[in-house]
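Colleague: The structure that follows is given in the form of structure tokens.
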Amino acid sequence: MSEISKLYNPSLAEDKWYRKWMEKGFFRSVPDKREPYTIVIPPPNVTGVLHMGHMLNNTIQDVLIRRARMMGKNACWVPGTDHASIATEARVVAMLKEKGIHKKDLTRDAFLKYAWEWKEKYGGIILEQLKKLGASCDWDRTRFTMEDDLSDAVISVFIDLYKKGHIYRGMRMVNWDPAGMTAVSDEEVIYKEIDSQLYHVSYQIEGSDEFITIATTRPETILGDTAICVNPADERYKHLHGKKAIVPLVNRSVPVIADDYVTMEFGTGALKVTPAHDANDYQLGLRHKLQIVDVLTPEGKMSAAAQFYVGEDRFEVRKKIVKDLEASGALVKKQPYKSNVGFSERTNAVIEPRMSMQWFLKMEQLSKPALQHVMNDDIRLFPDKFKNTYRHWMENVHDWCISRQLWWGQRIPAWYNSTGDFVVAKTEKDAITAFEALNKQRVSNGESALLYDQLTQDEDVLDTWFSSWLWPISVFDGFKNPENKDINYYYPTNDLVTAPEILFFWVARMIIAGYEYRGEKPFTNVYLTGIVRDKQGRKMSKSLGNSPEPLELISKYGADGVRVGMLLTSPAGNDLPFDDTLCEQGRNFGNKIWNAFRLIKSWQERSGKDSTDQNDYSATINWFENRLAEETLLINDLFTKYRLSEALMTLYKLVWDDFCSWYLEIVKPPLGTNMHEKVYEKTTEFFEYLLRMLHPFMPFITEEIWHNINTRTENDYIIIAKWPECSQESIDSTITENFREITDLVTGIRNIRKQKNIPNRQPISVSYSSPGLSAHNPLHNIVIKLCNLSSVSAVDSAPAGSVSMVIGKHEYFIHTEGLADKSQEKIRIKQELEYTLSFLESVMKKLGNERFVSNAKPEVVELEQKKKTDAEEKIRMLKNQLEMLNS
RNA sequence: GGGAGCUUAGCUCAGCUGGUUCAGAGCAUCUGCCUUACAAGCAGAGGGUCACUGGUUCGAACCCAGUAGUUCCCACCA
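If you want it as structure tokens, here you go:
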């Protein structure tokens, strides 16, 4: 034994086995006759490094894929990365800035060259990190959302949806990210409640001494005001309808209009209208044909149209204008106010509503099948509470703004002529053809032909999610070759594991694309993970610095330890309050398994046909076989419900308690004896069975032990060993029940030893009232061995100086050599008697209740009857014992 | 403002169709142990008014209503 370390050393095993698995091609999947099992990875951003969320997410995926592989399915886990348009572009811009290079000084091509360089350098880091975790992806299938094939798919889908009339281009109020200098979709805006001020500002009514006071949180937009609006029913302002007010500072004369939109109760009941900078004001502007004065630049600075503070940042201007208004006497008052402010999901900049020309995807029609198939469980969400959220969103989808004013991404395939007319086409050549066709039509309609000699392509790129939503299809080349072998075999995929945060961003849209382009769901089950939080319940984030470094965790606790730690307390949909001690628990579990291995290994040399251990362990072996069957059934059931934490915990207890604490202790040969060959064989068989079940959770240590516990042939690896299955018929619950009585007895005796301070070394004797622990009981020797009993004998009544115990229906007497305190013993028995009596009373009350007997199910009544007879028997025994003690 | 969920031991969570004495598990805690696999361990023990108030039922942690606290999603009221 000395040559095997007392502690399991993960770092030695991990690299070795990962390399072996790769060499052997165990992760590789190609279509064959087997049933496929497919997962596509939620592609991490190329900008990312592995964080705790990825760790959880990918551990779950790996557990699922490894189990499927062991179940004999053709398991395929497709890895890859997302180009993350806005995030990556921001990163590259910042990187260039540090070198003194500014994006605006670069051509599009020059910038993209830098971006690709950056991607090649950093884009693969995260996937390399996943390997440390043990992720068994088919790396030969690694995809990137901006590689040629996938970009092709994006462009052809765009063109297709445009032709079908789902895509349109138009001037709209959009969410503008002044830091990213691009529009973003509604889903990319995160609203937060912010402490701000509500400023009351008075505007003079033209040609009078009267003033009207408005309330605003954004005084800097006053410069863009083109009206004052009041509720038509508001008596306070009726006399002002149709009059003009003078906008302070700029002295612009604007109309006072009336519209139901205004709430009389809010603020002063008068609203300043800035159509260029607020979505509602924009609508008001349309209704009342107001002028639009855009006072902000795309960077969020004051534009020339503002006339004042030109070129200064909007938040600086807010402070200044408040001072200036105060100085001019226009500021009536300010009060603290909580307002809802939108922030960019990617850059965290404050979003500005802004008018701009953008491309949109109409969602209403496309989303219908996607809603229906989740509602009828063709696609199942785990946990299913997310169905509600999903439905709510799908019933209220807005059109999706898909254009971005960026360079990193798929460029929109629209081509413009010199007069601004456009066609949608893949290439310039196709565009020319399209213009020609268009012109033919126009001429036949009597319209003039359009010029198309100097075509320019749309400058914008598509939203990142416009490529991600095609992921489950595009990774299998399902757009260019819709009938290829891969897509036909792997699609629809089985499980998707992702965070609920991107249920709408990504999951819903993939479902939409799946039905639109394959007429079929992209996956069957969606496992939604929780959010990894720190001990204080805060979300882990780089800015808070509260996230542990995953690779450090792995080197500290081992990949298996971290995997177990993450999975132990994270049921689907529940947040994971992460703590290093979880990984510690995982590591300790690994060590426990390691030591079970050391112990069993030590028996290898000590086993043989010439066993000198006279005990018969067949009943114990029988029991453990039965336990394995029971728990296999349970664990497999938990897997089908995606209750992975519970499956792992069940396994944890099966290994630690049943196998290590009971089974191994029982079959352990007494000092100086050998283990019987048969017992050794059974023991290793059990251990290997457990290792197989552990493998998806703890791939490295199980593979390491697999190769050390037995000699293996060339391709005998646990990663492809058979996953245990079991049927209800092979379980005999009376076996485990009987065994339970024995373990209860052992625990009881140990308890008494402890209470009475009898050292383990000192043998004690036990008697039983028949038909308890007779020599006929095959488990008889277990108790003798585990409790160090000197003798076991049948008696008619309690021997003097003994402590009694009732277990099940049997009565035992532990001889404590006069150590037992008679009066204390009496108290104990009295207490138990009292308890049993009151229990019997409650049972009798139930049985005496006619309505219970007539209403309850027969099984339930029967059960109560049984409880009654059992309790009566127990009471009889306890009374007996008391009598003995008294005599 | 609208909607959904949650509240069970110190912590994280199970508890399925209302019915075993059903109040559980792991971790943590306490006590005793270096027992020849493992102190990252062994053995034993103690922890709970199932948020609160009512109702339905023979029977409620579980079903219903209300209250409080809490989390999330959606929403353009300045």
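Each residue of the first sequence is one higher than the one before, counting from 1 in our numbering.
All C-beta atoms in this analysis are idealised placements derived from N, C-alpha and C, irrespective of residue type, glycine included.
Note that the structure is a prediction, hence the values are computed from the model and not measured.
(1) To the nearest angstrom, how far is the alpha carbon of Val310 from that of Leu290?
(2) Would you mind stating whether Met355 and Met171 have Cβ atoms separated by less than 9 angstroms?
(3) What is the residue span of the alpha helix (DSSP H) that Tyr122 lies within?
(4) For Lys822 and Ala794, what's the separation of their Cα atoms in angstroms?
(5) Among Pro500, Arg411, Ser467, Ile228, which has the Cα closest to the Cα of Thr456?
(6) Which two residues bound the contiguous beta strand (DSSP E) that contains Leu916?
(7) Closer than 6 angstroms by C-beta to Thr524: which residues in its own chain qualify, once you throw out the five before and the five after it? Chain order, please.
(8) Can you list, in chain order, the stretches of the beta strand (DSSP E) that have 3 or more residues and sit fully within the stretch 440–513?
(9) Using beta-carbon positions only, say whether Asn348 and Glu193 come within less than 9 angstroms of one another.
(10) Checking the sheet assignment: what are the DSSP bridge partners for Lys104?
(11) Buried or exposed: Ile4, going by 16 or more other Cβ atoms within 10 Å of its Cβ?
(12) Spatial neighbours of Arg34 within its chain, please: CB distance less than 8 angstroms, with the 5 preceding and 5 following residues excluded, ordered by chain position.
(13) What are the complete beta strand (DSSP E) segments, minimum 3 residues, inside the stretch 319–403?
(14) Taking the Cβ atom as the reference point for each residue, do Lys6 and Asn595 lie within a distance shorter than 9 angstroms?
(15) Which residue or residues does DSSP assign as beta-bridge partners of Asn525?
(16) Mapping the DSSP letters down to three states, classify Pro10 as helix, strand or coil.
(17) Look up Gln204 in the DSSP assignment and give the residues it is bridged to.
(18) For Asp145, which of helix, strand or coil comes out of DSSP?
(19) Would you mind sorting Asp177 into buried or exposed? The rule is 16 or more other CB atoms within 10 Å of its CB.
(20) Roughly how many whole angstroms lie between the Cα atoms of Pro10 and Arg533?
(21) On the DSSP bridge assignment, give the partners of Asn175 in chain order.
(22) Would you mind working out which of Arg252, Phe343, Ala306, Ile159 sits nearest Val189, comparing C-alpha positions?
(23) Taking Thr268 and Ile205 to be in contact with their CB atoms under 8 angstroms, please state how far apart those CB atoms are, rounded to whole angstroms.
(24) Please report the distance separating the alpha-carbon of Lys556 from that of Glu549.
(25) Please check the pair Val423 and Leu406, which I expect to be a contact at CB under 8 angstroms, by giving their CB distance rounded to whole angstroms.
(26) Checking the sheet assignment: what are the DSSP bridge partners for Asn74?
(27) DSSP on Pro255, reduced to helix/strand/coil?
(28) Compare the C-alpha of Asn886 against each of Tyr835, Phe589, Glu825 and name the closest.
(29) Considering only the alpha carbon of each residue, which of Glu850, Leu633, Leu553, Ile600 lies closest to Thr581?
(30) Can you grab the Cα-Cα spacing for the pair Met1 / Trp77, in whole Å?
(31) Going by DSSP, what residue range makes up the alpha helix (DSSP H) through Cys583?
(32) Do you know offhand how far Ser156's Cα is from Glu23's?
(33) Return the chain-ordered list of same chain residues with a C-beta closer than 7 angstroms to the C-beta of Pro571, the five sequence neighbours on each side being excluded.
(34) Pull up the CB-CB distance for Asp294 and Ala276, whole angstroms please, since I reckon it's below 8 angstroms.
(35) Looking at the secondary structure, which residues open and close the alpha helix (DSSP H) in which Leu888 lies?
(36) Check whether the stretch 305–319 and the stretch 55–67 touch, using three or more Cβ-Cβ pairs below 8 angstroms as the test.
Modeller: In short, the structure shows the following:
(1) 23 angstroms
(2) yes
(3) 108–122
(4) 22 angstroms
(5) Arg411
(6) This structure gives no information on residue 916, because the portion of the chain shown stretches from 1 to 887.
(7) Asn494
(8) Runs found: 493–498.
(9) no
(10) Partner(s): none; Lys104 has no beta bridge.
(11) exposed
(12) Gly72, Lys73, Asn74
(13) 331–344, 352–361, 380–382
(14) yes
(15) Arg380, Asp495
(16) Helix, per DSSP.
(17) Phe211, Ile246
(18) The displayed chain sequence assigns Thr, not Asp, to residue 145. Here Thr145 sits in coil by DSSP.
(19) buried
(20) So the alpha carbons of these two residues sit roughly 26 angstroms apart.
(21) According to DSSP, which records beta bridges pairwise, Asn175 is partnered with Val184, Pro353.
(22) Phe343
(23) The pair is not a contact, with the Cβ atoms about 14 angstroms apart (cut-off 8 angstroms).
(24) 11 angstroms
(25) No, Val423 and Leu406 are not in contact; Cβ-Cβ is about 23 angstroms, not under 8 angstroms.
(26) Pro36
(27) When DSSP states are grouped into helix, strand and coil, Pro255 belongs to the strand group.
(28) Glu825
(29) Leu553
(30) Any reading at Met1 must be qualified, since the residue scores a pLDDT of 46, below 50, and its modelled position is unreliable; no value is offered.
(31) 580–606
(32) 38 angstroms
(33) Arg643, Ser645
(34) 4 angstroms
(35) With the chain covering only 1 through 887, there is no way to say anything about residue 888.
(36) no
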